[in-house]
Amino acid sequence: MKKIAVVLAGNGFKDGAEITEAVSTLIGLSQLGVDYKAFAPDLDVTSTDHISGDEGEKRNVLIESSRITRGQIEPLSALDPNDFDGVVFPGGFGAALHLCDFAKSGHKCTVLKEAESAIKSFYEQSKPIAAFCIAPALVARVLGEHAVEVTIGNDKETASEIEKTGAQHVECAVDDFVTDRMNKVITSPAYMYEEKPHLVFTGITKALKEFVEMA
(Lines of atoms letter the chains of each structure in order from A and count residues from 1; the text may use other names and numbers.)
(Lines give C-alpha, C1' and ligand atoms only; values in the text may rest on other atoms or scores of the structure.)
Protein backbone atom coordinates (compact mmCIF):
# COMPACT_ATOMS: atom_id res chain seq x y z
CA MET A 1 0.00 0.00 0.00
CA LYS A 2 1.30 3.44 -0.91
CA LYS A 3 2.04 5.75 2.02
CA ILE A 4 1.42 9.47 1.74
CA ALA A 5 2.46 12.29 4.09
CA VAL A 6 0.01 15.17 4.55
CA VAL A 7 1.37 18.43 5.95
CA LEU A 8 -1.08 20.76 7.70
CA ALA A 9 -0.53 24.26 9.03
CA GLY A 10 -3.22 24.73 11.65
CA ASN A 11 -7.01 24.77 11.65
CA GLY A 12 -8.95 27.44 9.76
CA PHE A 13 -8.39 29.25 6.48
CA LYS A 14 -7.35 32.62 7.93
CA ASP A 15 -4.47 31.34 10.06
CA GLY A 16 -4.09 27.62 9.39
CA ALA A 17 -5.10 24.81 7.06
CA GLU A 18 -8.26 25.42 5.04
CA ILE A 19 -10.56 22.82 6.54
CA THR A 20 -12.49 21.86 3.39
CA GLU A 21 -9.21 21.43 1.50
CA ALA A 22 -7.66 19.39 4.30
CA VAL A 23 -10.69 17.14 4.69
CA SER A 24 -11.04 16.79 0.91
CA THR A 25 -7.41 15.64 0.84
CA LEU A 26 -7.92 13.04 3.55
CA ILE A 27 -11.16 11.74 1.99
CA GLY A 28 -9.62 11.70 -1.47
CA LEU A 29 -6.60 9.73 -0.31
CA SER A 30 -8.83 7.31 1.57
CA GLN A 31 -10.97 6.76 -1.52
CA LEU A 32 -7.84 6.00 -3.51
CA GLY A 33 -6.89 3.25 -1.08
CA VAL A 34 -3.63 4.66 0.21
CA ASP A 35 -2.30 4.92 3.74
CA TYR A 36 -1.61 8.45 4.96
CA LYS A 37 -0.12 10.14 7.99
CA ALA A 38 -0.53 13.79 8.97
CA PHE A 39 2.19 16.15 10.15
CA ALA A 40 2.30 19.78 11.28
CA PRO A 41 4.94 22.11 12.71
CA ASP A 42 5.07 22.36 16.49
CA LEU A 43 4.83 26.17 16.57
CA ASP A 44 3.08 28.66 18.83
CA VAL A 45 1.47 31.39 16.72
CA THR A 46 -1.07 34.18 17.05
CA SER A 47 -4.49 32.99 15.92
CA THR A 48 -7.06 34.98 13.93
CA ASP A 49 -10.71 35.39 14.88
CA HIS A 50 -12.52 33.95 11.85
CA ILE A 51 -15.56 36.20 12.37
CA SER A 52 -13.99 39.58 13.13
CA GLY A 53 -10.60 39.04 11.53
CA ASP A 54 -8.94 40.36 14.68
CA GLU A 55 -5.89 38.80 16.28
CA GLY A 56 -6.70 36.21 18.93
CA GLU A 57 -4.80 34.24 21.51
CA LYS A 58 -1.65 32.21 21.02
CA ARG A 59 -2.30 28.72 19.68
CA ASN A 60 -0.12 25.78 18.72
CA VAL A 61 -0.13 24.79 15.03
CA LEU A 62 0.34 21.08 15.76
CA ILE A 63 -2.46 20.99 18.33
CA GLU A 64 -4.81 22.97 16.10
CA SER A 65 -4.08 20.67 13.15
CA SER A 66 -4.87 17.64 15.31
CA ARG A 67 -8.50 18.78 15.42
CA ILE A 68 -8.81 17.95 11.72
CA THR A 69 -7.11 14.55 11.97
CA ARG A 70 -8.91 13.30 15.09
CA GLY A 71 -5.68 13.55 17.04
CA GLN A 72 -3.71 11.35 14.66
CA ILE A 73 -0.76 13.61 13.83
CA GLU A 74 2.97 14.01 14.43
CA PRO A 75 5.35 16.98 14.50
CA LEU A 76 6.66 17.97 11.07
CA SER A 77 10.17 17.42 12.41
CA ALA A 78 9.35 13.69 12.59
CA LEU A 79 8.55 13.40 8.88
CA ASP A 80 11.04 11.07 7.18
CA PRO A 81 10.55 11.17 3.38
CA ASN A 82 12.18 7.74 3.15
CA ASP A 83 9.03 6.30 4.74
CA PHE A 84 6.58 7.79 2.22
CA ASP A 85 5.79 7.67 -1.48
CA GLY A 86 4.68 11.31 -1.77
CA VAL A 87 3.65 14.41 0.16
CA VAL A 88 0.59 16.68 0.02
CA PHE A 89 0.26 20.27 1.23
CA PRO A 90 -3.39 21.42 1.55
CA GLY A 91 -3.83 25.18 1.45
CA GLY A 92 -5.13 27.81 3.82
CA PHE A 93 -3.34 30.97 4.90
CA GLY A 94 -1.30 28.96 7.41
CA ALA A 95 0.75 27.57 4.53
CA ALA A 96 1.80 31.13 3.70
CA LEU A 97 2.21 32.21 7.32
CA HIS A 98 3.72 29.24 9.17
CA LEU A 99 5.25 26.92 6.56
CA CYS A 100 6.71 30.02 4.95
CA ASP A 101 6.03 33.77 5.16
CA PHE A 102 4.91 34.24 1.55
CA ALA A 103 1.88 36.19 2.82
CA LYS A 104 4.24 38.88 4.12
CA SER A 105 7.35 38.62 1.96
CA GLY A 106 6.16 37.26 -1.39
CA HIS A 107 8.81 35.63 -3.59
CA LYS A 108 11.55 36.52 -1.10
CA CYS A 109 9.85 34.56 1.66
CA THR A 110 11.69 32.42 4.19
CA VAL A 111 10.60 28.78 4.37
CA LEU A 112 10.29 26.87 7.63
CA LYS A 113 13.33 24.61 7.86
CA GLU A 114 11.32 21.39 8.30
CA ALA A 115 9.06 22.21 5.34
CA GLU A 116 11.96 23.12 3.06
CA SER A 117 13.86 19.97 4.01
CA ALA A 118 10.82 17.77 3.32
CA ILE A 119 10.10 19.31 -0.09
CA LYS A 120 13.72 19.06 -1.20
CA SER A 121 14.00 15.48 -0.01
CA PHE A 122 10.83 14.30 -1.77
CA TYR A 123 11.98 16.10 -4.92
CA GLU A 124 15.48 14.61 -4.81
CA GLN A 125 13.99 11.14 -4.36
CA SER A 126 11.74 11.72 -7.38
CA LYS A 127 8.60 11.33 -5.25
CA PRO A 128 5.54 13.43 -6.17
CA ILE A 129 4.53 16.60 -4.35
CA ALA A 130 0.95 17.92 -4.38
CA ALA A 131 -0.10 21.36 -3.18
CA PHE A 132 -3.43 23.18 -3.17
CA CYS A 133 -4.70 26.77 -2.92
CA ILE A 134 -1.82 29.05 -1.79
CA ALA A 135 0.48 26.12 -0.87
CA PRO A 136 1.93 25.95 -4.43
CA ALA A 137 3.69 29.25 -3.58
CA LEU A 138 5.59 27.36 -0.88
CA VAL A 139 6.65 24.69 -3.38
CA ALA A 140 7.62 27.37 -5.90
CA ARG A 141 9.86 29.09 -3.37
CA VAL A 142 11.73 25.87 -2.66
CA LEU A 143 11.83 24.41 -6.19
CA GLY A 144 11.73 27.56 -8.31
CA GLU A 145 15.29 27.02 -9.49
CA HIS A 146 14.01 23.93 -11.32
CA ALA A 147 11.39 26.02 -13.20
CA VAL A 148 8.64 23.96 -11.61
CA GLU A 149 5.13 24.51 -13.04
CA VAL A 150 2.36 25.28 -10.54
CA THR A 151 -1.05 26.93 -10.37
CA ILE A 152 -2.89 29.11 -7.88
CA GLY A 153 -5.74 29.73 -10.33
CA ASN A 154 -5.81 33.09 -12.07
CA ASP A 155 -4.77 35.66 -9.44
CA LYS A 156 -2.29 37.74 -11.44
CA GLU A 157 -0.56 39.40 -8.48
CA THR A 158 0.11 36.12 -6.68
CA ALA A 159 1.11 34.43 -9.94
CA SER A 160 3.60 37.23 -10.60
CA GLU A 161 5.22 36.71 -7.19
CA ILE A 162 5.41 32.98 -7.82
CA GLU A 163 7.13 33.48 -11.17
CA LYS A 164 9.76 35.67 -9.50
CA THR A 165 10.95 32.52 -7.70
CA GLY A 166 11.83 30.99 -11.07
CA ALA A 167 8.72 28.81 -11.11
CA GLN A 168 6.23 28.92 -13.98
CA HIS A 169 2.58 29.70 -13.30
CA VAL A 170 -0.22 28.08 -15.31
CA GLU A 171 -3.81 29.37 -15.09
CA CYS A 172 -6.28 26.72 -14.02
CA ALA A 173 -9.98 26.41 -13.16
CA VAL A 174 -11.06 25.58 -9.61
CA ASP A 175 -12.21 22.06 -10.53
CA ASP A 176 -9.06 21.15 -12.44
CA PHE A 177 -5.34 20.74 -11.77
CA VAL A 178 -1.90 21.23 -13.31
CA THR A 179 0.74 18.52 -13.53
CA ASP A 180 4.45 19.15 -13.97
CA ARG A 181 5.46 15.65 -15.02
CA MET A 182 9.14 16.45 -15.25
CA ASN A 183 9.33 17.63 -11.64
CA LYS A 184 6.46 15.46 -10.33
CA VAL A 185 4.49 18.37 -8.89
CA ILE A 186 0.66 18.43 -8.98
CA THR A 187 -1.28 21.55 -7.97
CA SER A 188 -4.90 22.71 -7.88
CA PRO A 189 -6.22 26.21 -7.04
CA ALA A 190 -9.05 25.21 -4.67
CA TYR A 191 -10.16 28.19 -2.56
CA MET A 192 -7.97 30.67 -4.40
CA TYR A 193 -11.36 31.03 -6.08
CA GLU A 194 -14.47 32.05 -4.14
CA GLU A 195 -16.29 28.95 -5.29
CA LYS A 196 -18.59 26.24 -4.00
CA PRO A 197 -17.03 23.50 -1.87
CA HIS A 198 -17.98 20.67 -4.23
CA LEU A 199 -15.89 22.30 -6.97
CA VAL A 200 -12.93 22.59 -4.59
CA PHE A 201 -13.38 18.91 -3.71
CA THR A 202 -13.55 17.98 -7.41
CA GLY A 203 -10.29 19.75 -8.25
CA ILE A 204 -8.47 18.25 -5.28
CA THR A 205 -9.69 14.69 -5.90
CA LYS A 206 -8.77 14.91 -9.59
CA ALA A 207 -5.30 16.10 -8.60
CA LEU A 208 -4.92 13.37 -6.00
CA LYS A 209 -5.78 10.65 -8.51
CA GLU A 210 -2.92 11.86 -10.72
CA PHE A 211 -0.67 12.24 -7.66
CA VAL A 212 -1.28 8.71 -6.35
CA GLU A 213 -0.76 7.20 -9.81
CA MET A 214 2.55 9.01 -9.96
CA ALA A 215 3.63 7.92 -6.48
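Residue numbers for the sequence shown follow the working numbering, so the first one is 9 and each next one is one higher. Ideal Cβ positions, reconstructed from N, Cα and C, are used throughout, including at glycine. Just so it is clear, the structure is predicted and the values come from calculations on it, not from any experiment.
G94 to Y199 span [Cα, whole Å]:
The alpha-carbon separation between G94 and Y199 amounts to approximately 22 Å.
Give me the Cα-Cα distance between I35 and I212, rounded to the nearest whole angstrom.
In this structure, the straight-line span from the alpha carbon of I35 to that of I212 is close to 10 Å.
In the DSSP output, which residue or residues are listed as bridge partners for Q176?
E157
When the Cβ atoms of the region 136 to 145 are set against those of the region 187 to 201, are three or more pairs found closer than 8 Å?
Yes: the two stretches touch, three or more of their Cβ pairs being nearer than 8 Å.
Leaving out five residues on either side along the sequence, give the residues of the same chain with a beta carbon under 7 Å from the beta carbon of E65.
S55
Let me know the secondary structure DSSP gives R67 once reduced to three states.
strand
Using the beta-carbon count (16 or more within 10 Å), is R78 buried or exposed?
exposed
Below 6 Å CB to CB, which residues in the same chain sit around A148 once its five sequence neighbours on both sides are set aside?
V158, I170, T173, A175
Should R189 be labelled buried (16 or more other beta-carbon atoms within 10 Å of its own) or exposed?
exposed
At a cut of 8 Å, does the region 22 to 39 reach the region 93 to 113 through at least three beta carbon pairs?
Verdict: yes, contact present.
Please state whether the Cβ-Cβ distance between P98 and T33 is less than 7 Å.
yes
What residue range does the alpha helix (DSSP H) around S113 cover?
110 to 113
I need the DSSP call for D91, collapsed to helix, strand or coil.
helix
Starting from the C-beta of I127, find all residues in its chain whose C-beta is less than 7 Å away, skip the five residues before and the five after it, and write them out in chain order.
I137, V147, V150, L151
With V42 and K11 assumed to form a contact (beta carbons below 8 Å), what rounded beta-carbon distance in angstroms separates them?
7 Å
May I have the straight-line CA-CA distance separating V186 from V53, to the nearest angstrom?
32 Å
Please go through the same chain and pick out, in chain order, the residues whose beta-carbon is closer than 6 Å to the beta-carbon of L207, but skip the five residues on each side of it.
V182, D183
By DSSP's criteria, E48 is part of a beta bridge. Which residues make up the other side?
As written in the sequence, residue 48 is Ala, which differs from the Glu given in the question. DSSP output for A48 lists P83 as bridge partner(s).
Between which two residues does the alpha helix (DSSP H) harbouring K225 extend?
Outside the modelled stretch of the chain, which goes from 9 to 223, sits residue 225, for which no answer is possible.
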